[in-house]
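Asker: Below are the structure tokens for one structure; questions will follow.
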Amino acid sequence: MSLIDQLQKRAAVKKFDPSKKISAEQLDQLQSAIQLAPSSLGLQSFKVIVVQDAETRQKLRAAGYNQPQITDSSALFVFASLTSLDEAFGKKFIDLVANVRNVERESLAGYEQMILGKLSSLTDEQKLAWSHKQTYIALGVLVSQASELGIDAAPMEGFDAAKFDEILGLKELGLTTSVIAAVGHRADDDVYSKMIKVRRPKSELFIHV
Ligand SMILES: Cc1cc2nc3c(=O)[nH]c(=O)nc-3n(C[C@H](O)[C@H](O)[C@H](O)COP(=O)(O)O)c2cc1C
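Residue 51 in the UniProt record's numbering is what sits at position 51 of the sequence shown, and the numbering runs on without skipping anything.
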């Protein structure tokens, strides 16, 4: 089945079947997709908390407008942005590039200057907004990968980020919640996924120049 066909079939499921769990291998594949998502300058200035613990999810549900997807899915992905992107963060990334590509660190001086220049040009607020955007790209890749695996993924913005941060202890980790996604399998009586998909026509969505 083509990706377009899979995307036609996917839905932001409202009612998951708690008895239908995704496998550990599938969970790992979803994490691989997030890991491979593109990000600005390659910095990946976020982390993803994969929540399966029932008690924690119950608390998160209360902070998520009681949305049942939070507890009844197989796992909840919490995309969290780094709250501090300092020079050390940029330098550590260059260390990683040098290590993975097995090149002299000095040969990356231009790349390093570009990253450090970008980071120093932004306020803390701008950096956080920038990181939040990166999490949404990763979210999109997760949703696409899930559909390819026949797994339902429900992206959600309906939650109290400050409460999520508190429940998951994110502040101490230098993180703050950006967006979340529940993954699992839809319940047979999930009404939403049976509805016809509504999308604006291409003539409204695209402008060709
Ligand atoms: C960033 C984002 C946040 C969303 N937040 C919620 C949410 O909090 N609760 C919910 O039920 N659906 C949420 N949705 C699902 C959208 O309503 C859904 O994707 C849209 O209506 C299109 O439906 P479809 O994804 O099933 O095709 C969210 C989707 C996105 C991309």
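Note that beta-carbon positions come from the ideal geometry of N, C-alpha and C, so glycine has one too.
(1) Count the CB pairs spanning the region 186-202 and the region 48-60 that are closer than 8 Å, and state whether there are at least three.
(2) Could you tell me the distance, in whole angstroms, from the CA atom of A75 to the CA atom of K194?
(3) Compare the Cα-Cα distances from K163 to each of D72, S178, Q113 and report the closest residue.
(4) For L82, report the span of its beta strand (DSSP E) as first-last.
(5) Does the beta-carbon of K14, which I'm using as the reference point, lie nearer than 7 Å to any heavy atom of ligand 1?
(6) Only counting the same chain, and skipping five residues up and downstream in sequence, which positions put a Cβ closer than 6 Å to that of G90?
(7) Below 8 Å, can you find three or more Cβ-Cβ pairs linking the region 137-146 to the region 90-103?
(8) Using a Cβ-Cβ cut-off of 7 Å (strictly less than) and excluding sequence neighbours within five positions of L108, which residues of its own chain qualify?
(9) According to DSSP, is I49 part of a helix, a strand, or is it coil?
(10) Alpha carbon to alpha carbon, how far is K171 from P155? Give it in angstroms, no decimals.
(11) Rounded to a whole number of angstroms, what is the C-alpha to C-alpha distance between S147 and P18?
(12) Just reading off the beta strand (DSSP E) that S178 is part of, what are its end residues?
Answerer: The relevant details are as follows:
(1) At 8 Å Cβ cutoff, the stretches do not touch.
(2) On the sequence shown, residue 75 is found 75 positions in, with the first residue counted as 1. On the sequence shown, residue 194 is found 194 positions in, with the first residue counted as 1. Each residue's Cα considered, the two are about 22 Å apart.
(3) The sequence position of residue 163 within the sequence shown is 163, counting from 1. Looking at the Cα atoms, S178 is the closest of the given residues.
(4) For the purposes of this step, residue 82 is identified with residue 82 of the sequence shown, where counting begins at 1. Counting along the chain, the beta strand (DSSP E) containing L82 begins and ends at 75-82.
(5) As a first step, residue 14 must be located in the sequence shown, where it is residue number 14. Result yes, Cβ under 7 Å from ligand 1.
(6) Position 90 of the sequence shown, counted from the start, is the residue given in the question as residue 90. Within the same chain, Cβ atoms closer than 6 Å to the Cβ of G90 are found at I115, L116, L119, the five residues on either side in sequence being excluded.
(7) With the cut-off at 8 Å, the region 137-146 and the region 90-103 do not touch.
(8) The residue given as residue 108 occupies position 108 in the sequence shown. Correct list, in chain order: I94, V97, A98.
(9) The residue labelled residue 49 in the question sits at position 49 within the sequence shown. I49: strand per DSSP, three-state reduction.
(10) Translated into positions along the sequence shown, residue 155 becomes position 155. Translated into positions along the sequence shown, residue 171 becomes position 171. For P155 and K171, the distance between alpha carbons rounds to 22 Å.
(11) Mapped onto the sequence shown, residue 147 falls at position 147. Mapped onto the sequence shown, residue 18 falls at position 18. Rounded to whole angstroms, S147 to P18 spans 18 Å at the Cα level.
(12) The residue labelled residue 178 in the question sits at position 178 within the sequence shown. For S178, the uninterrupted beta strand (DSSP E) segment begins and ends at 175-184.
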